[in-house]
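*Asks:* Mind having a look at this structure? Questions to follow.
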Amino acid sequence: MRRSRLVVFVSSLLLALGTALTGAASAQGAQLAATGGYVALGDSYSSGVGAGSYISSSGNCKRSTKAYPYLWNAAHAPSSFTFAACSGARTDEVLASQLGGLSSSTGLVSITAGGNDAGFADVMTTCVTGSDSTCLSRIDTAKAYVDSTLPGKLDSVYSAISAKAPNARVVVIGYPRFYKLGTVCLGLSEAKRSAINNAADYLDAATARRAAAHGFAFGDVRTTFTGHEICSGSSWLHSLNWLNIGESYHPTASGQSGGYLSVLNSAA
Numbered sequence: 612m613r614r615s616r617l618v619v620f621v622s623s624l625l626l627a628l629g630t631a632l633t634g635a636a637s638a639q640g641a642q643l644a645a646t647g648g649y650v651a652l653g654d655s656y657s658s659g660v661g662a663g664s665y666i667s668s669s670g671n672c673k674r675s676t677k678a679y680p681y682l683w684n685a686a687h688a689p690s691s692f693t694f695a696a697c698s699g700a701r702t703d704e705v706l707a708s709q710l711g712g713l714s715s716s717t718g719l720v721s722i723t724a725g726g727n728d729a730g731f732a733d734v735m736t737t738c739v740t741g742s743d744s745t746c747l748s749r750i751d752t753a754k755a756y757v758d759s760t761l762p763g764k765l766d767s768v769y770s771a772i773s774a775k776a777p778n779a780r781v782v783v784i785g786y787p788r789f790y791k792l793g794t795v796c797l798g799l800s801e802a803k804r805s806a807i808n809n810a811a812d813y814l815d816a817a818t819a820r821r822a823a824a825h826g827f828a829f830g831d832v833r834t835t836f837t838g839h840e841i842c843s844g845s846s847w848l849h850s851l852n853w854l855n856i857g858e859s860y861h862p863t864a865s866g867q868s869g870g871y872l873s874v875l876n877s878a879a
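Following this line, the structure appears as structure tokens:
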């Protein structure tokens, strides 16, 4: 009995310590941004495609005033804000055109990247138009890319961020699972939906490993999106939209604020 009580006490102490350290790191990130500025990098999940209210000057990058970087900036008022994320961006494009706002004084950096490199759009097109076997085969090809090539691509981006913003807290944010499984839902088969969810897990795991290797925080949005997947009845993700293909499978404004912003608030 005494041993059990001791284990419970130690476990509770460690949990409390971990929570305190996480909170301290988050507060530190916000303080760093207050004095050194915030730079938001990445692809359409960071630019806010699907959330509407696009900034006209951002053109095809489709940066939204309802995207999580814009919302974080409005809530925390960092000393400066560079919104460089762009729809369709791959890691090479992040390197080529998004790092200009970074400096040794930058306090906070957020980024989503890797989905376009892994062929996100082509995977979804194949799964929507093809058979179960064709869909699963295309996903296997994407997973092979995640194993063989994506880690090096992410390393290049993360190393460049560290070199240009050595004092910043960097938060790498992942991607949600798209579908709630085990429900009656029009559209893709259960086999396809399950495989797509597994692919998201696969990509997130690979991204989290590379982020940790560079000393960056990983923001996992899968928990915040639980209960808000497509087929949930309360989705924070657009399903296939033939009238606006570009917004398909992207977070809604609620997904940006309730999903992505909450994760950045916890990790920043």
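Here the numbering used here is used: the first residue of the sequence shown is 612, the next is one more, and so on. Just so you know, even glycine gets a beta-carbon here, dropped at the ideal spot from N, CA and C.
Which whole-angstrom value is the C-beta distance of Asp654 and Asn727, which I expect to be below 8 angstroms?
*Replies:* Yes, they are in contact, since the Cβ atoms of Asp654 and Asn727 sit about 6 angstroms apart, within 8 angstroms.
*Asks:* What does DSSP give as the partner residue(s) for Ser721 in the beta ladder?
*Replies:* Answer by DSSP bridge pairing, in chain order: Ala651 and Val782.
*Asks:* Roughly how many angstroms separate the alpha carbons of Leu710 and Gln642, rounded to a whole number?
*Replies:* If I take the Cα positions, the gap works out to 21 angstroms.
*Asks:* Are the Cβ atoms of Glu840 and Lys803 separated by less than 8 angstroms?
*Replies:* Going by C-beta atoms, Glu840 is not nearer than 8 angstroms to Lys803.
*Asks:* Would you kindly check if the distance between the Cβ of Ala811 and the Cβ of Phe789 is under 8 angstroms?
*Replies:* Yes, the Cβ-Cβ distance between Phe789 and Ala811 is below 8 angstroms.
*Asks:* When you compare each of Ala707, Gly730 and Gly838 to Ser846 by their alpha carbons, which one comes out closest?
*Replies:* Checked all of Ala707, Gly730 and Gly838; the closest Cα to Ser846 is Gly838.
*Asks:* Given a threshold of 16 other Cβ atoms within 10 Å of its Cβ, counted over all protein chains shown, does Trp853 qualify as buried or as exposed?
*Replies:* Under this definition Trp853 is an exposed residue.
*Asks:* Assign Val795 to buried or exposed, taking buried as 16 or more other Cβ atoms, counted over all protein chains shown, within 10 Å of its Cβ.
*Replies:* With fewer than 16 other Cβ atoms within 10 Å, it is exposed.
*Asks:* Measure from the alpha carbon of Tyr679 to the alpha carbon of each residue in Phe731, Asp743 and Tyr656, then state which is nearest.
*Replies:* Of the listed residues, the one whose Cα sits closest to Tyr679 is Tyr656.
*Asks:* So within the region 707-773, which uninterrupted beta strand (DSSP E) runs reach at least 3 residues, ignoring any that extend past its ends?
*Replies:* Listed in chain order, the complete beta strand (DSSP E) runs (minimum 3 residues) inside the region 707-773 are 719-723.
*Asks:* With burial defined as no fewer than 16 other Cβ atoms inside 10 Å of the residue's Cβ, what is the status of Gly870: buried or exposed?
*Replies:* Per the 10 Å Cβ criterion, buried.
*Asks:* Measure the CB-CB distance between Cys697 and Ser721 and report whether it falls below 8 angstroms.
*Replies:* Contact flag unset, no.
*Asks:* Using three-state DSSP, classify Phe694 as helix, strand or coil.
*Replies:* Strand, per DSSP.
*Asks:* Secondary structure at Ala878, three-state DSSP: helix, strand or coil?
*Replies:* Looking at Ala878 - three-state DSSP - the assignment turns out to be helix.
*Asks:* For Ile841, list the residues DSSP reports as bridge partners.
*Replies:* DSSP output for Ile841 lists Tyr790 as bridge partner(s).
*Asks:* Do the CB positions of Ser675 and Ser667 come within less than 8 angstroms of each other?
*Replies:* No, these two residues do not count as a Cβ contact at 8 angstroms.
*Asks:* In the DSSP assignment, find the unbroken alpha helix (DSSP H) run with Ala824 in it and report its ends.
*Replies:* It spans Glu801 to Ala824 - the alpha helix (DSSP H) in which Ala824 sits, taken as one unbroken run.
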